[in-house]
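Using our numbering, you'd call the opening residue of the sequence shown number 1 and step up by one each time.
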Amino acid sequence: MASRTRRHGAARSAREGSRRRLPLRLLLPLLVLVALVAMLMLRGYVHSEILADHRVQPPAATTDVPEKILEGGPVIDTRAGRTESLSVPDHRLVLTFDDGPDPTWTPRVLDVLKKHDAHAVFFVTGTMASRYPDLVERMVDEGHEVGLHTFNHPDLSYQSTKRIDWELSQNQLALTGAAGVRTSLFRPPYSSFADAMDNKSWPVTQYIGGRGYLTVVNNTDSEDWKKPGVDEIIRRATPHGGKGAIVLMHDSGGDRHQTVQALDRFLPDLKEKGYTFDNLTEALDAPSAMTPVTGAELWKGKAWVFLVQASEKLTDVLVVGLAIIGTLVIGRFVLMLLLSGVHARRVRRRRFRWGPTVTEPVTVLVPAYNEAKCIENTVRSLVASDHPVEVIVIDDGSSDGTARIVESLALPGVRVIRQLNAGKPAALNRGLANARHDIVVMMDGDTVFEPSTVRELVQPFGDPKVGAVAGNAKVGNKDSLIGAWQHIEYVMGFNLDRRMYDVLGCMPTIPGAVGAFRRSALEPIGGMSDDTLAEDTDVTMALHRAGWRVVYAENARAWTEAPETVQQLWSQRYRWSYGTMQAIWKHRRAVIEKGPSGRFGRVGLPFVSLFMVLAPLLAPLIDVFLLYGIVFGPTQKTIVAWLGVLAIQAVCAAYAFRLDRERMTHLISLPLQQILYRQLMYVVLLQSWITALTGGRLRWQKLRRTGVVGAPGGSVPQQRGRGNADRRPVA
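This is the structure in structure tokens:
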């Protein structure tokens, strides 16, 4: 008994563990998101956009600083308890360059030094050394010494000993990763002559000496950062009376062309006067300040530099992606605004006709799988149509009595066909085989039509070139936040898109909720295919390739029940996204074919790929850079740019709502939709990409229906009250 209890307990624990495990569809996008955020944070760190301290300590008293330091040389040695200062011997100059390496000016400085066979000391920051490791390596390879100048260039007199240690260790890590060496030379940021040492900076110098570093200031300042002119830089950098000196210059921090020009004159002129240009340790006749690093420390440094370089390249890629998505978004909006206006003006002309009025009866196919809560409203709305219809409900193996409900209604002109569960394409093909009329309308089992929907939907068939018609699908349950977001998407994204694609002649999808086909157009292409999860997109592309026109009927309105939970929305959009990718891949040969197929392949497929696959995948970059800009700056410009994009979207949405005669009040949630809803769509599309790239298979996802969309009493559907126990919260 005890062993059985233990087995049951273990099994229950295993089940609970499996329930707690994060699904792969969430884990992979989450890992991508975490990696992206980590890389952006790393970039912000090495660009001194986070953890940087730009405060500078004002001058303080000098009472605690030993006199021999204030009156001594520019090299201060406080190692192992010493308090000594050293000076460079006469006729020896040590050129020092701060704040680099810089990708523009450091190579030019190195070129001039190499030209005149001179050595120097480069005090590099960890941020710049991490970003440009090849320049640090070149410094070492060409015989120059490298010193530390902290990682983020803060005034160390403001910092704790822990922060000082961190600045030094990170600076050494970057140096190790770049050139495979360590150094014992250090120059504090914002330092000057030895006599500028005060009660704030002296304790820092003592502490750094205790960590094994030789502090190097200067006693000759070229003040090249002021860009006073080449002659003035040379004058200030030249010591008097043949004395030795440590000369302060800069190879980074701005335009340094005057520094480069001054060096090219300064070096040969002073060499003629008997000066030599050495490293610091050469000038002091001391052992080299640099030692090679091996083992784990070397690999840690290389790993650090690799990650920094990866973050830089990733950011460059993201910037390119942002440029692409910006171009796509604006281009799509411009096209939608222009072409949807062209479409509306064309079909709303008083004398516009598709051709002879279509009055012949049509067959309406309703594939249904466990639609007990919706099917009565659906069928009754069809029977109320003002166009003669034959209604065929194909029950695809329902287990909830869907077929019995339809049969019990005993409505005229309504037939029920039962089959074992075989999927929606099979159900539609079964309906096609039993349809009595050439024009066939297809709809979902959770959708209701207005009395005029079928009539409006079939009128384009007056044109014998039209093979299929897309109707105007609308969200019937838009009284929740997630429903309102989908309502905006349907009106703005789907129906405005269809107007554009209609004008371009490359409509990619006849919506499953409301579409009509010529049976004579469907039969030659094999009817509805189950090759993809988006059979509506698949068949639409096949019709284009067969030479049929596919058009949009704006007044053929159908009200559908949109997903009411994030889980249901995820499942639906995952299937749509993956199915669209499958359809694009299936019809890829159209790109190289001739005739109507080739036209669709070279116009329609690129549009679908750009606007339905690539653009949604890159769209979150707008929000990523919004957050990055707010945190790291420039905040104001970032917010203005993001608001500009939102304004363009709002204009486009308002125009779409005006064309569809929808109330503008729903657009109140547009900003929130752009921030939250777009991220959900991004993760769904990313999951679809992962599934496609890994060769995964995705099965149909049956959405839970509530029957919330009732049969329309006029132009707008009635909705059941909120008391329905089967309604679920948004999240």
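A virtual CB, placed ideally from N, CA and C, is assigned to each residue, including glycine. Just so you know, these numbers come straight off a predicted model, no measurement behind them.
{"Asked": "Taking DSSP's pairing of strands, which residues face Leu504 in a bridge?", "Found": "In the DSSP output, where bridge partners are listed per residue, Leu504 has none listed."}
{"Asked": "Hey, how far is the Cα of Thr127 from the Cα of Pro154?", "Found": "12 angstroms"}
{"Asked": "Please report how far the alpha carbon of Leu318 lies from the alpha carbon of Trp642, in whole angstroms.", "Found": "16 angstroms"}
{"Asked": "Go through its chain and collect everything with a Cβ distance to Asp53's Cβ below 6 angstroms, but skip five positions before and after it.", "Found": "Pro154"}
{"Asked": "Take Asn429 as the anchor and find which of Ser340, Pro524 and Asp660 has the nearest alpha-carbon.", "Found": "Pro524"}
{"Asked": "Give me whichever residues DSSP pairs with Leu86 in a beta bridge.", "Found": "Val75"}
{"Asked": "Quick one: using the 10 Å Cβ neighbour count with 16 as the cut-off for buried, is Leu685 buried or exposed?", "Found": "buried"}
{"Asked": "For Arg182, count neighbouring C-beta atoms within 10 Å of its own C-beta (all shown protein chains included) and say buried if the count is 16 or more, exposed if not.", "Found": "buried"}
{"Asked": "Please classify Gln486: is it buried, with 16 or more other beta-carbons within 10 angstroms of its beta-carbon, or exposed?", "Found": "buried"}
{"Asked": "Whole-angstrom Cβ separation of Ile648 and Ile639, contact assumed at under 8 angstroms?", "Found": "Contact doesn't hold; Cβ gap of about 15 angstroms is too wide."}
{"Asked": "Can you give me the C-alpha to C-alpha distance between Ile482 and Thr565, rounded to a whole angstrom?", "Found": "7 angstroms"}
{"Asked": "Considering Cα atoms alone, identify which of Gln673, Arg663, Arg518 and Ala196 is closest to Asp438.", "Found": "Arg518"}
{"Asked": "By Cβ distance, which residues of its chain are closer than 8 angstroms to Ser688, with the 5 residues on each side in sequence left out?", "Found": "Tyr574, Ser577, Tyr578 and Met581"}
{"Asked": "What residue does the beta strand (DSSP E) around His250 start on, and which one ends it?", "Found": "Ala245 to His250"}
{"Asked": "From which residue to which residue does the alpha helix (DSSP H) around Trp70 run?", "Found": "Here residue 70 turns out to be Leu, not Trp, going by the sequence shown. Note, Leu70: alpha helix (DSSP H), Glu67 to Leu70."}
{"Asked": "Given a threshold of 16 other Cβ atoms within 10 Å of its Cβ, counted over all protein chains shown, does Ile325 qualify as buried or as exposed?", "Found": "buried"}
{"Asked": "Measuring CA to CA, which of Phe632, Ile584, Gly476 and Asp195 is closest to Arg736?", "Found": "Outside the shown range of the chain (1 to 731) lies residue 736, about which nothing can therefore be said."}
{"Asked": "Cys506: which of Ser480, Ala542 and Gly512 sits nearest, CA to CA?", "Found": "Ala542"}
{"Asked": "Over the uninterrupted beta strand (DSSP E) stretch that includes Lys474, give me the two end residues.", "Found": "Val466 to Val475"}
{"Asked": "Which class does Phe193 belong to by DSSP, given the choice of helix, strand or coil?", "Found": "coil"}
{"Asked": "From Arg699 to Leu36, what distance separates their C-alpha atoms?", "Found": "Any reading at Arg699 must be qualified, since the residue scores a pLDDT of 49, below 50, and its modelled position is unreliable; no value is offered."}
{"Asked": "Answer with yes or no whether the minimum CB distance from Arg549 to chain B is below 8 angstroms.", "Found": "The structure shown has no chain B; it contains just one protein chain."}
{"Asked": "Mapping DSSP to helix, strand and coil, what is Ala516?", "Found": "strand"}
{"Asked": "Pop quiz: Thr125 and Thr205 are said to be a contact at Cβ under 8 angstroms. What is the actual Cβ separation, rounded to whole angstroms?", "Found": "Thr125 to Thr205, Cβ: 19 angstroms. No contact."}
{"Asked": "Can you list, in chain order, the residues of its chain whose CB lies under 6 angstroms from that of Gly244, leaving out five sequence neighbours each side?", "Found": "Val88, Pro89, Asp90 and Arg92"}
{"Asked": "Taking 8 angstroms as the threshold (C-beta atoms), are Ala174 and Val305 in contact?", "Found": "yes"}
{"Asked": "Quick check: Leu131 and Val46, are their CB atoms within less than 8 angstroms of each other?", "Found": "Reading off the sequence, residue 131 comes out as Arg, not Leu. For Arg131 and Val46, yes; Cβs fall inside 8 angstroms."}
{"Asked": "CA-CA distance, Lys300 and Arg138?", "Found": "20 angstroms"}
{"Asked": "Give a yes or no on whether the C-beta atoms belonging to Pro188 and Leu156 are separated by under 8 angstroms.", "Found": "yes"}
{"Asked": "List the whole-angstrom C-beta distance separating Gly445 from Ile392, where the pair is believed to meet the contact cut-off of C-beta under 8 angstroms.", "Found": "Between Ile392 and Gly445 the Cβ distance is about 12 angstroms, and since that is not below 8 angstroms, they are no contact."}
{"Asked": "Between which two residues does the beta strand (DSSP E) holding Pro367 run?", "Found": "Val362 to Ala368"}
{"Asked": "Enumerate in chain order the residues of its own chain whose CB-to-CB distance from Leu314 is below 7 angstroms, with the five nearest sequence positions on each side excluded.", "Found": "Met39"}
{"Asked": "Go ahead and pull the three-state DSSP assignment for Trp559.", "Found": "strand"}
{"Asked": "Following a CB-centred definition, is Trp548 positioned closer than 7 angstroms to any heavy atom of the ligand GTP?", "Found": "Looking at this structure, you won't find the ligand GTP or any other ligand, since it has none at all."}
{"Asked": "Based on Cα-Cα distance, which residue from Trp202, Asp395, Val414 and Thr378 lies nearest to Ile453?", "Found": "It should be noted that the sequence gives Thr, not Ile, for residue 453. The residue with the shortest Cα to Cα distance from Thr453 is Thr378."}
{"Asked": "What's the call for His240, buried or exposed, on a 16-neighbour Cβ count within 10 Å?", "Found": "exposed"}
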